[in-house]
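Written below as structure tokens is the structure these notes are about.
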Amino acid sequence: MDNIAGTKTSLSWVMNITVVVLVLLWLIPTIGLLVSSFRDRDQISASGWWLSPFPVEQNFSIRASGDDAVQQGDLFVIEGNVYDDEEIAATFGGETPRIAAFGGTRAAPTAFQPGDVAELSRDRTLSVLEDGSYTFTSPDEITRNPRVYFASETPPDFSLDNYETVLTSDNMDVAFINTLTVTIPATVIPILIAAFAAYALAWMDFPGRGLLIAAVVGLLVVPLQLALVPLLNLHNQVGIGQSFVGIWLAHTGFGLPLAIYLLRNYMVGLPRDIIESAKVDGATDFQVFVKIVLPLSFPALASFAIFQFLWTWNDLLVAKVFLPSDDASKVMTVKIADDLLGSRGGDWGILATAAFVSIAVPLVVFFTMQRYLVRGLLAGSVK
Amino acid sequence: MSPLIQGVLTIIIGVGGCIGYFFASNLILDKVIFPPKGANPGRNINRANMVRPWLFLLPAILALGLYLVYPVIGSFWRSLFNRAGDEFIGFGNYITMFGDDQFRISLFNNFLWVLVVPAAATFFGLLVAQLTDRMKWGNIAKSLIFMPMAISFVGASLIWKFVYANNPDIGMINAVRDFFGMGPVDVLQIPFWNNFFLMVILIWIQTGFAMVILSAALRGIPEETVEAAIIDGANPFQIFFKIKVPQIMGTIVVVWTTITILVLKVFDIVYTMTGGNFGTEILPSYMMSYMFRDDGRATAVAFVIMLIVLPVMIWNIAQARKEMR
Numbered sequence: 062m063d064n065i066a067g068t069k070t071s072l073s074w075v076m077n078i079t080v081v082v083l084v085l086l087w088l089i090p091t092i093g094l095l096v097s098s099f100r101d102r103d104q105i106s107a108s109g110w111w112l113s114p115f116p117v118e119q120n121f122s123i124r125a126s127g128d129d130a131v132q133q134g135d136l137f138v139i140e141g142n143v144y145d146d147e148e149i150a151a152t153f154g155g156e157t158p159r160i161a162a163f164g165g166t167r168a169a170p171t172a173f174q175p176g177d178v179a180e181l182s183r184d185r186t187l188s189v190l191e192d193g194s195y196t197f198t199s200p201d202e203i204t205r206n207p208r209v210y211f212a213s214e215t216p217p218d219f220s221l222d223n224y225e226t227v228l229t230s231d232n233m234d235v236a237f238i239n240t241l242t243v244t245i246p247a248t249v250i251p252i253l254i255a256a257f258a259a260y261a262l263a264w265m266d267f268p269g270r271g272l273l274i275a276a277v278v279g280l281l282v283v284p285l286q287l288a289l290v291p292l293l294n295l296h297n298q299v300g301i302g303q304s305f306v307g308i309w310l311a312h313t314g315f316g317l318p319l320a321i322y323l324l325r326n327y328m329v330g331l332p333r334d335i336i337e338s339a340k341v342d343g344a345t346d347f348q349v350f351v352k353i354v355l356p357l358s359f360p361a362l363a364s365f366a367i368f369q370f371l372w373t374w375n376d377l378l379v380a381k382v383f384l385p386s387d388d389a390s391k392v393m394t395v396k397i398a399d400d401l402l403g404s405r406g407g408d409w410g411i412l413a414t415a416a417f418v419s420i421a422v423p424l425v426v427f428f429t430m431q432r433y434l435v436r437g438l439l440a441g442s443v444k
Numbered sequence: 253m254s255p256l257i258q259g260v261l262t263i264i265i266g267v268g269g270c271i272g273y274f275f276a277s278n279l280i281l282d283k284v285i286f287p288p289k290g291a292n293p294g295r296n297i298n299r300a301n302m303v304r305p306w307l308f309l310l311p312a313i314l315a316l317g318l319y320l321v322y323p324v325i326g327s328f329w330r331s332l333f334n335r336a337g338d339e340f341i342g343f344g345n346y347i348t349m350f351g352d353d354q355f356r357i358s359l360f361n362n363f364l365w366v367l368v369v370p371a372a373a374t375f376f377g378l379l380v381a382q383l384t385d386r387m388k389w390g391n392i393a394k395s396l397i398f399m400p401m402a403i404s405f406v407g408a409s410l411i412w413k414f415v416y417a418n419n420p421d422i423g424m425i426n427a428v429r430d431f432f433g434m435g436p437v438d439v440l441q442i443p444f445w446n447n448f449f450l451m452v453i454l455i456w457i458q459t460g461f462a463m464v465i466l467s468a469a470l471r472g473i474p475e476e477t478v479e480a481a482i483i484d485g486a487n488p489f490q491i492f493f494k495i496k497v498p499q500i501m502g503t504i505v506v507v508w509t510t511i512t513i514l515v516l517k518v519f520d521i522v523y524t525m526t527g528g529n530f531g532t533e534i535l536p537s538y539m540m541s542y543m544f545r546d547d548g549r550a551t552a553v554a555f556v557i558m559l560i561v562l563p564v565m566i567w568n569i570a571q572a573r574k575e576m577r
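Going down the list, the sequences are from chains S and G.
The numbers in our numbering rise by one with no breaks, and the one at position 147 of the first sequence is 208.
The numbers in our numbering rise by one with no breaks, and the one at position 165 of the second sequence is 417.
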């Protein structure tokens with residue numbers, strides 16, 4: 062339409078490129094997380110995820126065995142190959158990539174180029190060749206096994222190891238189940254309550270209806286923060302305390318305004334004829350609701366269900382307040398925010414994987430049900 | 253009992269209870285209290301129909317009253333008491349709070365968030381909506397930009413840690429700096445500007461929301477108006493700013509206020525990224541730092557948030573009432 066006169070403007074190029082840039086900007090951070098979740102943890106801290114398809118230069122060390130020392134003239138000499146070390150051999154899977162650098166001290170593990178001779182303290186020397194063979198010399202008898210530090214290019218290492226760690230240890234599996242346990246009842250129960258209320262507000266005439274609708278609209282924006290202290294106290298007094306029952310009730314209450322609002326907006330738009338002819342035929346309100354309105358409102362029910370599901374799955378605040386803080390009842394968001402970020406703040410592989418596990422389910426729901434989600438958003442905001 | 257079984261039971265009890273309640277209450281109303289027979293069936297039917305709406309509404313009204321209306325009053329009442337809750341101190345909590353530097357920082361930061369995030373998210377949303385409007389792959393592009401909506405604030409924060417991290421081998425910003433030979437910086441510790449780096453995360457999430465709604469609004473613009481403008485020789489920018497934007501102004505305002513409300517509630521991003529340190533505290537995270545420690549102070553903060561939201565609430569109600577007429 063913008064190019065209605067048949068002139069495809071040069072602007073369309075600019076537009077396409079702008080959109081490509083924007084999409085990339087929006088996508089790249091998530092891709093980074095996804096890629097990182099498959100990478101080996103040492104590789105994550107050795108090179109950026111954007112370099113992950115390429116070999117990584119990583120630092121290793123071995124202990125040369127003093128027992129292998131041979132006396133040559135007035136020097137004690139150890140000769141060997143770093144790739145013969147069992148652990149190193151396992152890491153590289155039998156391959157022997159070029160040595161990039163080496164060193165004889167922890168402080169400077171990559172100070173020398175392969176082929177150089179490193180002068181160490183007490184007249185000892187170390188030399189490592191590109192193929193990994195090393196020579197260590199010492200004027201005195203070698204009593205402690207000397208360390209050989211070297212850097213070598215490891216091939217990219219993608220695996221599901223992080224997922225295994227996250228899902229089997231760390232209680233993340235428990236957290237996953239807990240999240241599911243919180244989410245499903247908290248999604249199902251408000252729908253029913255809201256559907257009946259929405260029908261009454263949409264199709265029944267009674268005094269105070271306008272006031273109630275206004276109240277629902279007002280409650281839509283009440284900040285959750287207000288509810289935390291009084292309700293937690295109330296739960297404690299009633300004996301529910303911090304528990305799953307408490308969080309289900311809380312999510313139900315907090316989700317209701319949106320549910321009633323969305324469903325009412327949708328139900329009002331249903332054709333009046335159908336409902337009136339059903340009533341003329343003698344159907345009661347209850348029958349009209351169950352047999353006509355409810356099935357016709359399926360799209361709106363689905364939109365709200367998706368909203369509520371995403372919101373409860375992703376929620377951190379309500380879970381922190383209304384669930385006990387022991388390991389057995391932590392949900393994933395709390396687990397990540399409080400445990401993983403705190404104690405394993407440096408373990409980027411685990412963090413990325415845990416985050417991805419927690420966002421995988423919403424993403425699947427999002428991409429399969431996007432149609433309903435968009436419809437719900439539109440029903441809620443555009444009139 | 254494992255929580256999972258408890259959950260299944262709750263669904264059964266909850267759903268069954270709801271259905272049972274609605275079914276039974278209607279049945280009793282129609283068959284027992286006001287049966288459409290006997291002395292005056294007509295009057296009975298009318299009476300039953302007057303009661304029925306309240307049967308339909310009862311559970312919702314109870315839940316809303318208990319979980320949203322009562323807390324507004326309960327919180328305000330609690331905020332007038334001291335930490336232990338046994339001594340009435342009037343506005344004491346509010347007075348000490350306004351004297352607290354940290355609170356003033358959060359108030360100022362929250363002000364920045366409210367100013368920047370809705371504006372930026374709406375701007376980007378409108379930009380993408382307009383650019384993708386008649387593009388062949390527009391729907392794919394929109395879907396990808398919409399995606400962060402599905403990601404939790406905690407997940408999003410972690411995603412952005414891989415952008416902001418101090419280590420140039422992990423954080424992309426520092427990788428770029430490293431490439432140009434500059435030393436690494438922790439962007440989350442740069443005073444004042446770190447707030448904006450946190451806001452980027454919420455903008456990243458909310459742009460999709462703005463885009464979806466604004467793109468539907470753009471589609472709803474009558475084509476004649478745009479055609480007329482083209483015939484009159486308007487260039488694309490004029491069409492956009494002078495023809496399209498004025499027609500969707502109402503929707504833009506709705507998007508803007510919706511995001512504003514959201515901004516006032518989100519504590520997750522600050523909590524996971526900085527924990528409120530380095531001068532990034534905002535009201536919701538400030539409140540959480542007092543939750544479980546000082547209920548009086550926590551409710552006072554919550555009530556301040558409520559006061560900030562109040563104008564939007566009143567405006568929303570006014571809009572809704574106007575529409576119903």
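A virtual CB, placed ideally from N, CA and C, is assigned to each residue, including glycine.
Residue-level contact by beta carbon fails for Gly164(S) and chain G, as no gap is shorter than 8 Å. For the region 282-301 of chain S, residues whose beta-carbon sits nearer than 7 Å to a beta-carbon of chain G comprise Val282, Val283, Pro284, Leu285, Gln286, Leu287, Ala288, Leu289, Val290, Pro291 and Leu292.
Between Val379(S) and the set Gln303(S), Val329(S), Ala125(S) and Leu362(S), the nearest pair of CA atoms involves Gln303(S).
When the beta-carbon positions are compared, Ser199(S) and Phe137(S) come within less than 8 Å of each other. Asn120(S) sits in a strand when the DSSP states are folded into three classes. Counting only Cβ-Cβ distances below 7 Å, Val406(G) has contacts in chain S at Leu377, Thr394, Ile397 and Ala398, in chain order.
Under the three-state reduction of DSSP output, Thr459(G) falls in the helix class. In the structure shown, the three-state DSSP call for Ala393(G) is helix.
With a cutoff of 8 Å on beta-carbon distance, Leu272(S) and Leu262(S) are scored as not near each other.
Inclusion of Ala554(G) and Val80(S) in the CB contact set at 8 Å is not warranted, their separation being larger than that value. Distance between Ile252(S) and Val282(S), taken at the CA atoms: about 19 Å.
When the five nearest sequence neighbours on each side are left out, the beta carbons in the same chain lying within less than 7 Å of the beta carbon of Glu202(S) are those of Phe137, in order along the chain. Under the Cβ distance rule, Ile422(G) counts among the residues neighbouring chain S, one pair being separated by less than 8 Å. Close partners of Phe305(S) in chain G (Cβ separation under 9 Å): Pro255, Gln258, Gly259 and Thr262.
Look at Met349(G): its C-beta is not under 8 Å from any C-beta on chain S.
About 32 Å separates the beta carbon of Phe414(G) from that of Leu319(S), a gap too long to meet the 8 Å contact definition. Listed in chain order, the positions of the region 80-111 of chain S with a beta carbon within less than 9 Å of a beta carbon of chain G are Val80, Val81, Leu83, Val84, Leu86, Trp87, Leu88, Ile89, Pro90, Thr91, Gly93, Leu94, Ser97, Ile105, Ser106, Ala107, Ser108, Gly109, Trp110 and Trp111.
Any Cβ of chain S closer than 8 Å to the Cβ of Arg335(G) would place that residue at the interface, and such an atom is absent.
Thr248(S) is classed as buried because its beta carbon has at least 16 other beta carbons within 10 Å across all chains shown.
Near chain G, meaning a CB-to-CB distance below 9 Å, no residue of the region 137-157 of chain S qualifies. The continuous beta strand (DSSP E) containing Arg208(S) extends over residues Arg208 to Thr215. Rounded to whole angstroms, the gap between the alpha carbons of Gly377(G) and Ala371(G) is 10 Å. Within chain S, no residue has its beta carbon less than 9 Å from that of Leu364(G); the closest one is some 18 Å off. Only residues of its own chain outside the window of five on either side were considered, and among them Asn345 and Tyr542 have a CB closer than 6 Å to the CB of Arg549(G), listed in chain order. For Ile89(S), the enclosing alpha helix (DSSP H) has its first and last residue at Leu72 to Phe99. Between Val426(S) and chain G, the shortest Cβ-Cβ separation is below 8 Å. When Cβ pairs closer than 8 Å are counted between the two stretches, the region 458-477 of chain G is seen to touch the region 499-509 of chain G, the count reaching three or more. Sequence-distant partners of Leu295(S) (beyond 5 residues in either direction) whose C-beta falls short of 7 Å from its own C-beta are missing from its chain. Those residues of the region 191-220 of chain S placed with their C-beta closer than 8 Å to a C-beta in chain G do not exist.
Under the three-state reduction of DSSP output, Glu337(S) falls in the helix class.
Taking the Cα positions, Ile321(S) is about 45 Å away from Ile483(G).
Take the alpha-carbon of Ala416(S) and the one of Ile397(S): they are about 7 Å apart.
Taking CB atoms only, Thr384(G) has a neighbour in chain S less than 8 Å away.
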